[in-house]
Amino acid sequence: MQRLSLSSNQLSSTVPMSLWNLRNIIELNLSNSVLYGQLPPRVQNLKALDVLGLSVNKLSGNLSNALGQLVMITHLDLSSNSFQGEISQSLGSLVNVKYLNLSNNFLLGSISKSVGNLPLLSNLDPSFNKLEGEIPEGRVFTNHNIPSSEGNIALCGAPQLDFPLCDTNVEISTSRRKLHILKYILAVVAFVIVLASLCLVLVLCRRRTVKENIVHTDFQGLDDRRLVAYDELVHATDNFNQTNLKEREALAQFTEDVLTMDWLQQ
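Residues 1211 to 1476 (my numbering) make up the sequence shown, in order.
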């Protein structure tokens, strides 16, 4: 099988993986359906492919770098899908491509010089994306086969194709603004680090002070009291004899008084 067209059949599924194994296929048209999902790396298996039509579907994700392996392709239509991210640099390897349609997606960034310099590319449509930056110099931008800046209001640099001139002052101002923002962020980060370090030092010092006060209090209590020898207690209480006391509670009070009397010495 060299040609397969399933366009306008309202197919609703991912692209069958078996299709990417048709290594000898020359033309594959799956446009105008409801195909969804991402282009897998297996797309690079179709090295003999001359025409690939995937327009008007619901395909998404970044443009696979595997597309750059389709070196025989002359017609590539990826328009009206939900592809996102930057235009893959690998598209600059499609040395035989003449028609490249990337319109009506959600592509970001700029158009690479490698795409602009494709030797046979005569029709490039990047309209209605979110592209920005300066249009690179290249063969495709010297003719009028490229549409105007529709849908890509941030593109600039090719007045012969109705693109506005790039405002270098705006670019410089933007760069300076980014630099100032970066400085503020670094200053805030440095302040937070210093503040956290000071808090940590204060907490450690406080803990050390509390521990020293506890130890000092414990030993201070020992210094304020005189030590009493056991023999002196026996003598003072007549060998702890309760018969000389009027009440049991009096003995307990007496013992406590003895412990605190200054005249008892070891």
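Note that CB positions come from ideal geometry on N, CA and C, so glycine has one too.
Euclidean distance between Cα positions of residue i and residue j
i: Cys1366; j: Leu1317; result: 16 Å
i: Lys1268; j: Leu1259; result: 22 Å
i: Ile1236; j: Leu1256; result: 8 Å
i: Phe1373; j: Leu1273; result: 25 Å
i: Ser1313; j: Leu1288; result: 8 Å
i: Ala1276; j: Val1266; result: 21 Å
i: Trp1230; j: Leu1262; result: 12 Å
i: Val1420; j: Leu1405; result: 23 Å
i: Val1307; j: Asn1362; result: 23 Å
i: Arg1213; j: Asp1377; result: 48 Å
i: Ile1297; j: Ile1391; result: 28 Å
i: Leu1301; j: Lys1393; result: 37 Å
i: Gly1247; j: Met1211; result: 25 Å
i: Glu1360; j: Phe1338; result: 6 Å
i: Val1411; j: Leu1389; result: 33 Å
i: Lys1340; j: Asn1311; result: 15 Å
i: Gly1278; j: Ser1290; result: 20 Å
i: Ala1397; j: Ser1303; result: 44 Å
i: Ser1241; j: His1285; result: 13 Å
i: Leu1331; j: Ile1395; result: 45 Å
i: Ser1407; j: Cys1415; result: 12 Å
i: Asp1441; j: Val1413; result: 49 Å
Same chain, Cβ closer than 7 Å to residue i, neighbours up to 5 away in sequence not counted
i: Asn1219; result: Ser1243
i: Ser1292; result: Lys1268, Leu1269, Ser1270, Asn1315, Phe1316
i: Ala1400; result: none
i: Gln1299; result: Ser1322, Ser1324
Same chain, Cβ closer than 6 Å to residue i, five either side skipped, listed in chain order
i: Pro1250; result: none
i: Glu1342; result: Ala1364
i: Ser1215; result: Asn1239
i: Arg1233; result: Asn1255
i: Ser1320; result: Gly1343
i: Cys1409; result: none
i: Arg1417; result: none
Counterpart residues of residue i in DSSP-defined beta bridges
i: Phe1316; result: Gln1294
i: Asn1239; result: Ser1215, Gly1263
i: Asn1272; result: Gln1294
i: Thr1224; result: Tyr1246
i: Ala1364; result: Glu1342
i: Leu1286; result: Leu1262, Leu1310
i: Asn1327; result: Answer is none; Asn1327 lacks a bridge partner.
i: Asn1231; result: Per DSSP, none; premise fails for Asn1231.
i: Asp1335; result: Asn1311
Supposed contact pair residue j and residue i - C-beta distance, whole angstroms, cut 8 Å
i: Leu1336; j: Val1305; result: Per the sequence shown, the amino acid found at residue 1336 is Pro instead of Leu. About 19 Å separates the two Cβ atoms, so there is no contact after all.
i: Lys1323; j: Gly1348; result: 7 Å
Own chain residues within Cβ distance below 8 Å of residue i, not counting five before or after
i: Leu1245; result: Leu1221, Ser1222, Ser1223, Thr1224, Val1225, Leu1264, Asn1267, Lys1268, Leu1269
i: Met1227; result: Pro1250, Arg1252
i: Val1281; result: Lys1257, Ser1303, Leu1304, Val1305, Asn1306
i: Ile1283; result: Leu1259, Asp1260, Val1261, Leu1262, Leu1304, Asn1306, Val1307
i: Ser1217; result: Asn1239, Leu1240, Ser1241, Asn1242, Ser1243, Gly1263
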